[in-house]
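Visitor: So that we are looking at the same thing, I have put the structure below in structure tokens.
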Amino acid sequence: MNSYRKGLKDGLPIGFGYFAVAFSLGIVAANAGLTPFQGFLTSAVMNASAGENAAFIAIRESVPYLEMALITVVSNIRYVLMSFALSQKINPESKLIHRLILGYFLTDEFFALAISQDPYCDPFYSYGAISFASPCWAIGTALGIIMGNILPERIVSALSVALFGMFLAIIIPAAKKSRPITILIIISFISSYVLTRFSGLSVSVITIILTIVVSSLGAILFPTERKS
């Protein structure tokens, strides 16, 4: 229970950030013609902002189902890589059901929380974070569909910034504890800016490239010894 309560506490800022971003995402869903229930259900089963945004735009543009599926896969493919890394942070004695549940609810923010645990991430810690943050994501999308178009555009844009501030609050403590993490974060920021500004690649493709390259670089330059 202590792990669950700690996860619930750490998941509070994630939940509030999710709610704010999902609220603005609901506007995109409304423009695509989705009802509040459809938006709620989509966010409840997908748990991915980039993937949902791509899917909503695809629905609005009436693209073929196959193309919609490919767009969603590309937008979310980074979670496969995160799953590989997260599998090393789960106690080897954990049951398969725990691994499946954590994999299903895996997001950038839950991943950052999980890998920050030492030496292993207790599944119930992640359950605590998920139990508050995940409903906020689904509810925020539904409310965004209902009320998003009523609010001024400036307010909606301001709400979207909340998630980025929350994510910084997650990675900064880890960076303070580890010089290699600090170096990799700086490399990621610089590389992301350069690729976004000059490459012409989509955000999803850039994310995939940087995830592979930076994580591989970290594994090669700063290998971590497995604790017995």
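Here the sequence shown is numbered in this note's numbering, starting from 36 and rising by one per residue.
C-beta: ideal position from N, C-alpha, C; glycine also.
Given the structure is predicted, the values throughout are model-derived calculations rather than measurements.
First and last residue of the alpha helix (DSSP H) that includes Lys44?
Guide: Taking the first residue of the sequence shown as position 1, residue 44 is located at position 9. Asn37 to Asn66 is the extent of the alpha helix (DSSP H) around Lys44.
Visitor: Thinking C-alpha only, which one of Ser226, Ile216, Gly235 and Ile247 is nearest Phe14?
Guide: For the chain, the structure presents residues 36 to 263; residue 14 sits outside this window and is missing.
Visitor: Give the secondary structure of Ile270 by DSSP, where H, G and I count as helix, E and B as strand, and everything else as coil.
Guide: With the chain running from 36 to 263 in the structure shown, residue 270 is simply not present.
Visitor: In whole angstroms, what separates the C-alpha of Tyr53 from that of Ser169?
Guide: Locating residue 53 in the sequence shown gives position 18, counting from the first residue. Locating residue 169 in the sequence shown gives position 134, counting from the first residue. Approximately 8 Å between the Cα atoms of the pair.
Visitor: Taking C-alpha atoms, which residue in Ala79, Gly68, Met117 and Ser110 lies nearest to Arg95?
Guide: To locate residue 95, count along the sequence shown from 1; it is residue 60. Minimum Cα distance to Arg95 is reached at Gly68.
Visitor: According to DSSP, is Ile255 part of a helix, a strand, or is it coil?
Guide: Within the sequence shown, residue 255 is the residue found at index 220, counting from 1. If DSSP states are grouped into helix, strand and coil, Ile255 belongs with the helices.
Visitor: Counting only runs of 4+ residues fully inside the region 147-234, write out the alpha helix (DSSP H) ranges in chain order.
Guide: Runs of the alpha helix (DSSP H) inside the region 147-234: 158-182, 188-194, 197-212 and 214-233.
Visitor: Going by C-alpha distance, which of Arg189, Ala83, Asn88 and Ser161 is nearest Ala65?
Guide: Your numbering for residue 65 matches position 30 in the sequence shown. Closest option to Ala65, Cα to Cα, is Asn88.
Visitor: Please report the residue range of the alpha helix (DSSP H) in which Thr70 lies.
Guide: Position 35 of the sequence shown, counted from the first residue, corresponds to residue 70. Neither: Thr70 is in no alpha helix (DSSP H) and is coded neither H nor E.
Visitor: Residues in its own chain within less than 8 Å of Thr70 by CB, not counting five upstream and five downstream?
Guide: By one-based count along the sequence shown, residue 70 stands at place 35. Same-chain partners within the cutoff: Ile180.
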